[in-house]
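Novice: Starting off with a structure, shown below.
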Amino acid sequence: MEEKLIINGGRKLLGSVQVDTSKNALLPILAACSLCEGEILLRDYVDLTDIIYMREILSLLNIKSALSGKELYIDAKDVQNAKITHELTSGLRASIFILGALLGRFRNAVIARPGGCKIGSRPIDIFLKSFKTLGVRIVDRHGYLYCYGENLHAGEVVLDFPSVGATESLMMCACLLDGVTTLKNVAKEPEIVDLQNFINSMGGRVFGAGTDCIKIFGVRKLHGTQYSVMPDRIVAGTYLIAAATCGGDVLIERAIQQHNESLLSFLKQSACLVNIKNDKIRLRARKRPVSIEKIQTWPYPFFPTDLQPQMMALQSVSKGVCLLQENLFENRFGAAGELNKMGANIVIKDRTALIKGVEKLYGADVFASDLRAGASLLIAGMAAEGYTTVHNLHYIDRGYEKIEEKYRLLGADIVRKI
Ligand code: UD1
Numbered sequence: 322m323e324e325k326l327i328i329n330g331g332r333k334l335l336g337s338v339q340v341d342t343s344k345n346a347l348l349p350i351l352a353a354c355s356l357c358e359g360e361i362l363l364r365d366y367v368d369l370t371d372i373i374y375m376r377e378i379l380s381l382l383n384i385k386s387a388l389s390g391k392e393l394y395i396d397a398k399d400v401q402n403a404k405i406t407h408e409l410t411s412g413l414r415a416s417i418f419i420l421g422a423l424l425g426r427f428r429n430a431v432i433a434r435p436g437g438c439k440i441g442s443r444p445i446d447i448f449l450k451s452f453k454t455l456g457v458r459i460v461d462r463h464g465y466l467y468c469y470g471e472n473l474h475a476g477e478v479v480l481d482f483p484s485v486g487a488t489e490s491l492m493m494c495a496c497l498l499d500g501v502t503t504l505k506n507v508a509k510e511p512e513i514v515d516l517q518n519f520i521n522s523m524g525g526r527v528f529g530a531g532t533d534c535i536k537i538f539g540v541r542k543l544h545g546t547q548y549s550v551m552p553d554r555i556v557a558g559t560y561l562i563a564a565a566t567c568g569g570d571v572l573i574e575r576a577i578q579q580h581n582e583s584l585l586s587f588l589k590q591s592a593c594l595v596n597i598k599n600d601k602i603r604l605r606a607r608k609r610p611v612s613i614e615k616i617q618t619w620p621y622p623f624f625p626t627d628l629q630p631q632m633m634a635l636q637s638v639s640k641g642v643c644l645l646q647e648n649l650f651e652n653r654f655g656a657a658g659e660l661n662k663m664g665a666n667i668v669i670k671d672r673t674a675l676i677k678g679v680e681k682l683y684g685a686d687v688f689a690s691d692l693r694a695g696a697s698l699l700i701a702g703m704a705a706e707g708y709t710t711v712h713n714l715h716y717i718d719r720g721y722e723k724i725e726e727k728y729r730l731l732g733a734d735i736v737r738k739i
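Read in this note's numbering, the sequence shown has 514 at position 193, and its numbers run on one by one without any break.
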């Protein structure tokens with residue numbers, strides 16, 4: 322039976338909550354464990370279905386992982402190459418990230434193409450073109466990519482677009498190649514800096530992450546390490562937007578200001594009061610929020626696509642009109658129809674949503690169409706008058722650990738039911 326969340330909305334959010342470890346940082350870091358020949362300890366583990374999928378891929382590669390409290394022990398001493406099958410790639414788009422690690426470590430790999438997903442077709446052409454530039458021969462047959470790296474070499478790759486996953490996969494591949502690899506026009510997301518720091522903690526020599534050019538000096542081996550993965554900037558952003566939408570006074574702990582500059586700037590424009598001290602962000606929302614005239618999603622450091630649906634919930638109850646443009650994924654307005662069921666006024670045209678703020682949303686039965694759309698509906702449910710039931714919880718559990726418990730810490734009336 323499918324679980325659902327039932328929310329009795331209309332309460333202000335008050336209190337403090339701590340941000341969990343970043344899913345999007347932990348996924349590539351887990352993939353990079355296959356580069357090492359030792360034992361790794363990762364602190365502050367976060368229990369998400371996407372992470373469990375990646376651990377299954379590691380297990381297929383004969384890498385053992387065991388959890389002790391919040392610490393994940395990984396033993397990659399006996400890592401072996403293996404065909405990554407459809408069962409493992411269909412549920413997790415990020416499975417393709419491991420291709421670079423396998424090529425770097427074993428010089429060949431067989432992996433099922435990851436499926437498209439609800440938010441868009443999500444091609445992998447940039448990955449394939451880049452690996453070809455480094456000498457990999459790729460045969461695409463019956464849904465599988467057979468990658469042969471006899472002639473794999475260090476070199477220069479210029480990405481057609483700063484894809485996060487392609488940048489990370491190439492970094493993993495290049496750190497065990499003989500010579501220097503230069504990656505240009507790469508993504509600059511904080512998760513890429515975290516991956517660089519992790520690889521370097523294993524003895525790698527990667528420089529430049531966070532800029533648009535990364536240089537990787539190949540090393541022969543990587544050793545074991547202990548590492549704390551960065552906090553999740555999208556989860557932090559989701560809590561901040563929730564507080565701005567519902568009103569209240571919240572303290573978000575383990576939140577890094579620099580990771581959410583574009584969002585914080587919008588929240589200040591929405592009439593929220595923001596105070597920052599070290600890794601704590603306090604947000605007070607006393608008045609009805611004011612609409613932001615235009616919001617566009619772009620790669621970091623600009624406003625992230627992963628916060629776009631949550632922002633749509635905030636704009637739905639803000640005073641004024643907002644034009645929200647999604648530039649990364651062609652089908653990422655899954656929350657709009659459901660928000661409209663709750664009384665929002667959103668009109669979609671191609672990649673733009675025109676949102677006329679309404680005074681109030683009303684509880685309804687709504688269905689998450691993907692992870693962040695689900696996060697958006699939860700926010701709307703907490704802000705709405707009456708009861709909201711959010712269905713398709715499995716999407717939300719991919720990226721938020723026990724989300725109802727976190728919101729309850731902030732005073733929300735929200736329960737998980739079968
Ligand atoms: C990562 C994040 C995801 C986030 C996205 C954009 C993880 C696990 N996931 O996904 O949450 O929404 O960044 O910030 O970190 N593209 C191509 N060809 C390719 C690769 C990408 O055309 O080979 C396009 C995509 O369709 C998209 C854009 O490039 O339009 C950016 O995608 P990308 O940065 O690759 O996203 P992911 O790494 O998959």
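Glycine included, each C-beta is placed from N, C-alpha and C at the ideal position. Since the structure is predicted, the reported quantities are computational estimates derived from the model, not experimental observations.
Whole-angstrom Cβ separation of T566 and A656, contact assumed at under 8 Å?
Specialist: What you label residue 566 is simply residue 245 of the sequence shown in a count that begins at 1. What you label residue 656 is simply residue 335 of the sequence shown in a count that begins at 1. No, T566 and A656 are not in contact; Cβ-Cβ is about 13 Å, not under 8 Å.
Novice: At a threshold of 7 Å, does N345 count as lining ligand 1 (C-beta to nearest heavy atom)?
Specialist: As a position in the sequence shown, residue 345 is number 24, starting the count at 1. Inclusion of N345 in the 7 Å shell around ligand 1 follows from its C-beta lying nearer than that to a non-hydrogen atom of the ligand.
Novice: Among the residues of its own chain, which have a CB less than 7 Å from the CB of G641, if the five just before and after it don't count?
Specialist: For the purposes of this step, residue 641 is taken as residue 320 along the sequence shown, with counting starting at 1. For G641, where only same-chain residues beyond five positions count, the Cβ hits under 7 Å are V611, S612, G678.
Novice: In whole angstroms, give me the CA-to-CA distance for E510 and L516.
Specialist: Mapped onto the sequence shown, residue 510 falls at position 189. Mapped onto the sequence shown, residue 516 falls at position 195. One C-alpha to the other measures close to 10 Å.
Novice: Which parts of the segment 435-506 are runs of the beta strand (DSSP E), unbroken and 3 residues or longer, counting only runs that do not cross its ends?
Specialist: The segment 435-506 contains these whole beta strand (DSSP E) runs: 458-462, 465-469, 477-479, 501-505.
Novice: Report yes if the C-beta of D396 is less than 7 Å from at least one heavy atom of ligand 1; otherwise report no.
Specialist: Position 75 of the sequence shown holds residue 396. Proximity of the beta carbon of D396 to ligand 1 is not indicated: no heavy atom of the ligand is located closer than 7 Å.
Novice: Does the Cβ of P511 lie closer than 7 Å to at least one heavy atom of ligand 1?
Specialist: Within the sequence shown, residue 511 is the residue found at index 190, counting from 1. Between ligand 1 and the CB of P511, the shortest heavy atom gap is not smaller than 7 Å.
Novice: Closer than 7 Å: is that where the CB of I562 sits relative to any heavy atom of ligand 1?
Specialist: The residue labelled residue 562 in the question sits at position 241 within the sequence shown. Incorrect: I562 has no Cβ contact closer than 7 Å to ligand 1.
Novice: Check whether the Cβ of T626 sits closer than 7 Å to any heavy atom of ligand 1, and report yes or no.
Specialist: In the sequence shown, the residue the question calls residue 626 occupies position 305. For ligand 1, at least one heavy atom lies less than 7 Å from the Cβ of T626.
Novice: For V514, which three-state DSSP category applies?
Specialist: Stepping through the sequence shown from its first residue, residue 514 is reached at position 193. Three-state result, V514: helix.
Novice: Quick one: Cα of S355 to Cα of E377, how far?
Specialist: The residue you call residue 355 lines up with position 34 of the sequence shown. The residue you call residue 377 lines up with position 56 of the sequence shown. Rounded to the nearest angstrom, the two C-alpha atoms are 13 Å apart.
Novice: Quick check: what's the CA-CA separation for R332 versus L561?
Specialist: Residue 332 sits at position 11 when you count from the first residue of the sequence shown. Residue 561 sits at position 240 when you count from the first residue of the sequence shown. The alpha-carbon atoms of R332 and L561 are separated by roughly 15 Å.
Novice: Report the residue from R729, C496, L675, E324 whose alpha carbon sits nearest the alpha carbon of V338.
Specialist: Taking the first residue of the sequence shown as position 1, residue 338 is located at position 17. With distances taken between Cα atoms, V338 lies closest to R729.
Novice: Could you compute how far the alpha carbon of R607 sits from the alpha carbon of S411?
Specialist: Numbered from its first residue, the sequence shown carries residue 607 at position 286. Numbered from its first residue, the sequence shown carries residue 411 at position 90. Going by the C-alpha atoms only, they are around 44 Å apart.
Novice: Please report how far the alpha carbon of K738 lies from the alpha carbon of S690, in whole angstroms.
Specialist: To locate residue 738, count along the sequence shown from 1; it is residue 417. To locate residue 690, count along the sequence shown from 1; it is residue 369. Rounded to the nearest angstrom, the two C-alpha atoms are 19 Å apart.
Novice: By Cβ distance, which residues of its chain are closer than 8 Å to F482, with the 5 residues on each side in sequence left out?
Specialist: As a working note, residue 482 is residue 161 in the sequence shown. Cβ within range, chain order: I447, N506.
Novice: In three-state terms, what does DSSP make of D371?
Specialist: Looking up residue 371 in the sequence shown gives position 50. The answer is helix: DSSP assigns D371 an H, G or I state.
Novice: Where does F587 sit, in a helix, a strand or coil, going by DSSP?
Specialist: Numbered from 1 along the sequence shown, position 266 holds the residue referred to as residue 587. Helix, per DSSP.
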